[in-house]
Amino acid sequence: MLNSKSHSLLSTHECKEPAAPSPADSGVAELGEPTPRHQEHHDYSTTDRLRAHEVRVRASRGLTLQSYATRGPRDGEREAEMARLRRDRALLRQRLEDTEWSLCQRAGEISLLKTQLKDAQNEQTAKGHEYLTLKADCRQLREALDKKEKEITRLRTESEEKDKTVKRLQAEVDRLTNDLMESVSDLSKTKESGKIEVERLKTELKELRQELSDVSLSNYEGIQCGRTMRGIYEVCKSNEYHWTPTDSALEDAEVQRLNGELPDSCHEPCQATAMVERLKCELEAKDTQFNSERRKWSEEKDKVLRYQKQLQLNYVQMFRKSRTLEAEVDSLRLELELCNKNGKNVKHGKAIEL
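In full-length UniProt numbering, the protein residues as written are 1 to 354.
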C-alpha cells in the first residue's frame, strides 16, 4: 500500500516537471525551418553554413550537458526521497502490524470482557431472582411470625383467663367446703342437742309413767291407786294419823284430777311421746337433708375436681403448645435474620459489581 502511494507520488512529481528540449530536436527544427536570413543571403558560402551549424551543435551539446548536470541532483534527491519513503513505509508497516496485533489483542480482551459481562449479568439476574425469592420467603416468614405471635398472645390470654377461672373455682370449692363443714358441725350439734333432749324427754316420760302407774294402782283401806298414796297411808298409819272418809273423798278427787290432767298411757299417747316423735321426725328430716347435701356436695366436689383436672390438662397442653410455638418463633426469627443478611450480601455484591 505504501509502495503504491510512493509510486503515485513519484509519477505525479515527474508529470509536474517540464520536459527539457532535446538539442537534436532544436537543431533539426532550426535546419528544417527556412529563416529569413537564409532567404535574404543566398550568397553565403557552404563554409559559413557549416561553421554556423557546428556552433549550433556545440550550443545544443552544452545545453544537453547543462540539462544532464541539472538532472543529476534531482535524481539524488529523488533517490533520497525514495529511501526515506521506503523507511517510512517499513515503519508504517511495522506500526500497522503492531496496531493490528494490538487490535486483535484488544478484540480478544473485549470478547473476554463481553463474556465476563454476560456471565456477570446472568449471575446478577440469578441473584436478583434469588433475592426476590428470599424477599418473598422473608415476607411469608414475617406473616407466619405475626400469626404465631398473635396465637401466643391469644393462648396467654386464655391461660390467664383459665387461671382466673381455676382460682375462682378453687375459692368457690373452699367456700363450699367451709359452708359444708359449718353445716356438718351445726347438724352434729343439733343432733347431739336433739339426742340430749330426747334422753331428757325419755327420762321425764319414764318418771311421769312411773308416777302415773303409782297413782293408778289401787291400795288397801279405801286408797284406790298409787304407790305414792300407799306410802302416804303407811306414813300416816305409822304416825298414828287418823284416816277419815272425808280425807278419802278428797284423795279420790285429787286422783281424778290428776287422771284428767295426765291421761292414761295405755289408751292415749302422751304429749311427751308426741314431742319425741316430732323430734325423731325432725332428726330424720335433718339427717335426710344432711345426707342429700353431703351427696350433692360430693357430686359438686367430684365435678369441680374433674373440671380442675381438665383445666390442668388444658394448661399443660397449652404450655407445651406455647413452648413449641416459641421454639418455632425463634427458628423463624433466625431464618429471618439469615434472609436479611443474605439480602445485604446480595446488595453489597451488586454494589461491588457496579
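Beta carbons are placed, not taken as given, at the ideal position from N, Cα and C, and that holds for glycine.
Through-space distance from residue j to residue i, alpha-carbon basis
{"i": "residue 130", "j": "residue 140", "result": "15 Å"}
{"i": "residue 208", "j": "residue 197", "result": "16 Å"}
{"i": "residue 59", "j": "residue 96", "result": "54 Å"}
{"i": "residue 164", "j": "residue 321", "result": "20 Å"}
{"i": "residue 182", "j": "residue 332", "result": "57 Å"}
{"i": "residue 116", "j": "residue 122", "result": "10 Å"}
{"i": "residue 173", "j": "residue 162", "result": "16 Å"}
{"i": "residue 157", "j": "residue 142", "result": "22 Å"}
{"i": "residue 274", "j": "residue 168", "result": "48 Å"}
{"i": "residue 319", "j": "residue 288", "result": "45 Å"}
{"i": "residue 187", "j": "residue 305", "result": "26 Å"}
{"i": "residue 89", "j": "residue 82", "result": "10 Å"}
{"i": "residue 101", "j": "residue 87", "result": "21 Å"}
{"i": "residue 63", "j": "residue 92", "result": "42 Å"}
{"i": "residue 292", "j": "residue 201", "result": "29 Å"}
{"i": "residue 53", "j": "residue 78", "result": "36 Å"}
{"i": "residue 99", "j": "residue 109", "result": "15 Å"}
{"i": "residue 204", "j": "residue 277", "result": "15 Å"}
Neighbourhood of residue i by C-beta distance below 7 Å, restricted to the same chain and skipping five residues each side
{"i": "residue 297", "result": "176, 180"}
{"i": "residue 283", "result": "191, 194"}
{"i": "residue 137", "result": "339"}
{"i": "residue 103", "result": "none"}
{"i": "residue 144", "result": "332"}
{"i": "residue 335", "result": "141"}
Proximal residues to residue i (C-beta, below 8 Å), its chain only, five neighbours per side dropped
{"i": "residue 325", "result": "148, 151, 152, 155"}
Query - In chain order, each alpha helix (DSSP H) run of at least 4 residues that lies wholly inside the region 96–169 - result: none
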